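Heads up: the sequence shown at position 12 corresponds to 12 in the working numbering, and the numbers run straight through without jumps.
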Amino acid sequence: MRKCSLIFILIIFSLLSANESLNVRTVAIWPYVNSFNPHPQIYDSFMIVGLVGGFWVLDISNPFQPYKISETLHGGTLRDMAIKGNLLYCADISKGFRIFDISQLPNIQEIARVEDRGYYRMLIKDSFAFLTQDWRRGVPGWFDTLEIFSISDPRNPRRLGKIGLGAGYSIQNFSVDGNRAYLPARDLLKIYDISDPQNPQFLGEWQRGEEIYIKSVLAKDTVAYVGLNLSDTLYILNVKEPGNIREISKIKLGDVGDTNTDDYYISDFILSDTLLYCAVPGLESGCVVVNVKDPAQPFVISRAGEYVNRIGLFGNLLITIELRELRLYDAGNLGNLRFLSSLELITHLTNIKVLNDSFILLGAYFGGQIILDISRRPFLRLRGRYYPEYGGYKACFSGRSAVRDTLLFTGFLTSSHKFDIVNFANPDSLILIGSCSLETQYPWEFAYRTCALKDTFAFVAGQYSLYTVNIKDPRNPRQVGRLLLPDNCDVYHIFIKDNLIYAACGPGGFWIIDISDPLRPFLRGHFPTGGLGTDDIFVRDTIAYVADNFSGFVIFNVRNPDSIREIRRIQMMGQALGVWVEGNLAFVGWGFEGLRIFDISNPASPREVGYYITNNVAAGVEVNNGLIHLDNNQSGYLCLEYYGPGIGERRGDNHFFRVFPTIGKDFKMETGKEEMVKIYDAQGRLVRRLKEGETSFSLSGKPSGVYFILIKGKYPRRIVNLK
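As structure tokens, this is what we get:
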């Protein structure tokens with residue numbers, strides 16, 4: 001049992017260590033967010049849900065009560081997947097074309113990978129795999145390209161040929177039927193002969209009469225079904241002669257009572273006999289079933305759900321992925337869909353907040369405010385969450401929260417202008433104890449984006465206003481003051497120091513607000529943004545550290561709050577979105593440039609001392625007790641450690657080393673005198689057993705590499721011995 005556990009730990013850590021970094025390592029990740037809607041897949045009585053950085057395996061033997069039986073990290077960023085036989089094929093934007101063995105579910109084992117490029121969409125046909133390449137990982141000549149692989153030997157996939165459309169094109173949901181490939185190419189549908197996969201030949205194209213991009217296509221025999229961007233109209237084409245493609249018919253799939261459905265589109269198709277299942281990401285459209293027995297006279301049979309992005313049909317079981325949940329339907333009655341069950345999914349993160357050493361709060365776009373237990377890292381688990389309804393709809397776009405003791409002060413952009421106080425003393429059951437409505441200037445105004453606390457007041461900021469809320473009695477919060485902000489202000493974050501609020505006001509730039517009289521705050525200094533907007537701010541002493549989006553990381557002298565003075569500006573590719581200061585280090589979430597760490601012992605001359613390149617947008621960041629908590633947006637949550645120059649000593653406990661160089665021979669940790677401590681190498685072999693009360697050891701004479709410290713009753717802790 002111990003050997004199996006150690007092997008599992010090794011697999012986990014091999015995935016945690018994959019990103020390019022300097023002086024930063026991964027401690028734990030929680031990547032199970034549904035941002036890109038890969039097709040769900042069925043294998044026997046199991047369903048595999050592909051999430052951004054991991055798989056969920058669900059037992060659906062009873063489709064009325066599916067339940068999750070495992071979570072597995074895959075360390076990538078999935079965009080699409082398909083099953084053939086005992087193998088799961090995946091298109092991964094960061095790790096390439098990947099093949100997994102699923103014959104021993106819930107265990108999933110990767111057996112092959114082609115990772116020199118990132119892939120977006122994928123189809124498996126016979127012994128071939130067709131994948132579209134994502135432009136961000138492109139190389140010259142391979143932008144917006146369909147690649148063809150031989151998978152006759154799944155452990156050794158081979159490139160055969162490609163269809164390159166050139167820069168600026170975007171191949172989305174394509175189709176392969178017989179010896180033809182049908183590719184959406186902006187406002188064109190292009191058809192290619194792929195009978196020789198090493199040398200595809202162009203056959204013909206169809207162009208819509210206006211500049212509307214083609215979003216998706218499905219072809220069968222001589223008929224092609226086409227969906228356009230910004231249109232919920234299904235076009236049915238005769239493609240028997242690729243040089244002379246003719247429109248057979250068209251049908252509007254959006255709800256006829258919804259005049260806004262023209263803004264929707266058809267994102268996915270499945271054809272089963274004479275029924276066409278269409279995914280329409282619209283409020284009252286969802287999954288639309290169309291009878292296409294006569295292509296000249298299609299008609300809608302039924303519709304179910306809303307905002308459906310991807311669909312899967314397995315026998316009579318239809319699976320839809322919507323904005324925030326996965327739904328199962330019985331489609332056995334000629335397309336009349338009968339709802340069976342659902343599984344809630346969490347979409348990408350909007351912010352992050354440390355609650356204490358054991359819990360962090362994840363703010364999700366859809367999914368509410370979620371408590372994540374990090375006490376047994378690298379093994380993380382969800383606890384409770386706060387996900388209210390306002391006006392019959394679930395709240396979305398979680399605002400930034402403040403915390404005091406066991407109370408959470410929070411809100412949502414779509415919250416009917418509410419400010420809520422929630423008790424999380426029981427992390428599995430968050431309870432709303434108080435709420436107040438905030439006055440707004442306009443009906444469409446976002447009243448809540450962020451808040452900060454001072455004494456018995458909460459200062460709540462939104463799109464055009466800063467509110468003062470009396471929270472002396474948390475069960476009865478009351479708005480007692482309001483400051484109207486300039487029209488271009490949309491406050492993303494506020495930081496309170498003494499009697500001043502330092503506000504990152506988006507397009508309104510950086511403002512300082514005087515709250516010496518909390519009931520009558522007023523504006524002081526202002527510094528305009530240099531780019532799209534000021535996103536985050538941290539203040540220490542008389543220095544303000546600002547994340548200024550595309551204008552970079554900016555350091556200001558704020559000794560005189562009426563006259564803000566720029567000291568230094570650091571710019572690089574990407575967007576500076578989040579900032580936190582700990583000791584002499586500034587941690588900056590820098591979009592696709594990842595986490596960047598600067599030594600700011602001299603604020604006028606900061607120098608970069610570490611970085612961690614993320615798979616997605618690095619945004620909000622907080623540091624607590626040596627751990628870096630990073631909002632990785634559409635790729636979930638990252639827990640990191642910095643071990644480079646300028647690091648301070650952390651509070652010791654049974655999970656951490658008091659002295660944490662990890663580069664050297666000698667190690668010391670804090671542990672109880674009665675606890676049993678063993679050291680293993682990366683192969684699971686016992687290296688050393690510490691005597692009772694012994695807290696230090698040496699790896700002198702041992703090979704360089706990864707070792708594990710096992711304290712009885714605790715999870716293993718990794719160290720690195722570098723010589």
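In this text, a Cβ means the ideal position worked out from N, Cα and C, and glycines have one as well.
Computed from a prediction, not measured in an experiment: that's the story for all the values here.
Run the proximity test for residue i: is its beta-carbon closer than 8 Å to any non-hydrogen atom belonging to the ligand ATP?
i: residue 629; result: Judged by which ligands are present, the structure shown has none, so any question about the ligand ATP falls away.
Under three-state DSSP, which class holds residue i?
i: residue 633; result: helix
i: residue 703; result: coil
i: residue 472; result: coil
i: residue 454; result: strand
i: residue 336; result: strand
i: residue 617; result: coil
i: residue 655; result: With a pLDDT of only 33 at residue 655, under 50, the local geometry of the prediction cannot be trusted, and no value is derived from it.
i: residue 212; result: coil
i: residue 192; result: strand
i: residue 186; result: coil
i: residue 20; result: coil
i: residue 80; result: strand
i: residue 30; result: strand
i: residue 369; result: strand
i: residue 406; result: coil
i: residue 225; result: strand
i: residue 387; result: coil
i: residue 380; result: coil
i: residue 691; result: coil
i: residue 478; result: strand
i: residue 436; result: strand
i: residue 441; result: coil
Where DSSP assigns a beta bridge to residue i, which residues make up the other side?
i: residue 320; result: 311 and 327
i: residue 364; result: 349
i: residue 522; result: 514
i: residue 586; result: 581 and 598
i: residue 539; result: 544
i: residue 59; result: 46 and 67
i: residue 493; result: 504
i: residue 640; result: 26 and 628
i: residue 179; result: Partner(s): none; residue 179 has no beta bridge.
i: residue 206; result: 189
i: residue 41; result: 48
i: residue 164; result: 145
Whole angstroms is fine: what's the gap from residue i's alpha carbon to residue j's?
i: residue 50; j: residue 88; result: 10 Å
i: residue 405; j: residue 430; result: 14 Å
i: residue 317; j: residue 632; result: 34 Å
i: residue 109; j: residue 198; result: 30 Å
i: residue 369; j: residue 27; result: 22 Å
i: residue 358; j: residue 530; result: 38 Å
i: residue 426; j: residue 709; result: 31 Å
i: residue 374; j: residue 637; result: 11 Å
i: residue 420; j: residue 386; result: 10 Å
i: residue 390; j: residue 220; result: 45 Å
i: residue 190; j: residue 203; result: 8 Å
i: residue 123; j: residue 481; result: 58 Å
i: residue 449; j: residue 295; result: 50 Å
i: residue 401; j: residue 446; result: 15 Å
i: residue 213; j: residue 35; result: 22 Å
i: residue 372; j: residue 380; result: 7 Å
i: residue 208; j: residue 93; result: 30 Å
i: residue 281; j: residue 144; result: 24 Å
i: residue 111; j: residue 307; result: 35 Å
i: residue 239; j: residue 630; result: 50 Å
Touching or not, the stretch 470-489 and the stretch 535-543, by the rule of three or more beta carbon pairs under 8 Å? no
Determine contact between the stretch 113-130 and the stretch 157-174, defined as no fewer than three beta-carbon pairs at a distance below 8 Å. yes
Are at least three pairs of beta-carbons, each pair with one atom in the stretch 67-75 and one in the stretch 354-372, less than 8 Å apart? no
Taking one C-beta from the stretch 591-608 and one from the stretch 311-327 each time, how about it: are there three or more such pairs within less than 8 Å? no
Taking only runs of the beta strand (DSSP E) that begin and end inside the stretch 87-162, which ones reach a length of at least 3 residues, in chain order? 87-92, 96-101, 109-114, 119-125, 128-133 and 145-150
Counting Cβ pairs, one atom from each stretch, are 3 or more of them under 8 Å apart for the stretch 572-581 and the stretch 540-556? yes
Considering only residues of the stretch 261-288, which uninterrupted beta strand (DSSP E) runs meet the minimum length of 3 residues and lie entirely inside it, listed in chain order? 268-272 and 275-280
Under 8 Å: do the stretch 58-67 and the stretch 83-102 share three or more Cβ pairs, one atom per stretch? no
Any contact between the stretch 100-108 and the stretch 33-46? By contact I mean 3 or more CB pairs, one from each, below 8 Å. yes
Would you say the stretch 244-252 touches the stretch 271-279, given that touching needs at least three Cβ pairs under 8 Å? no
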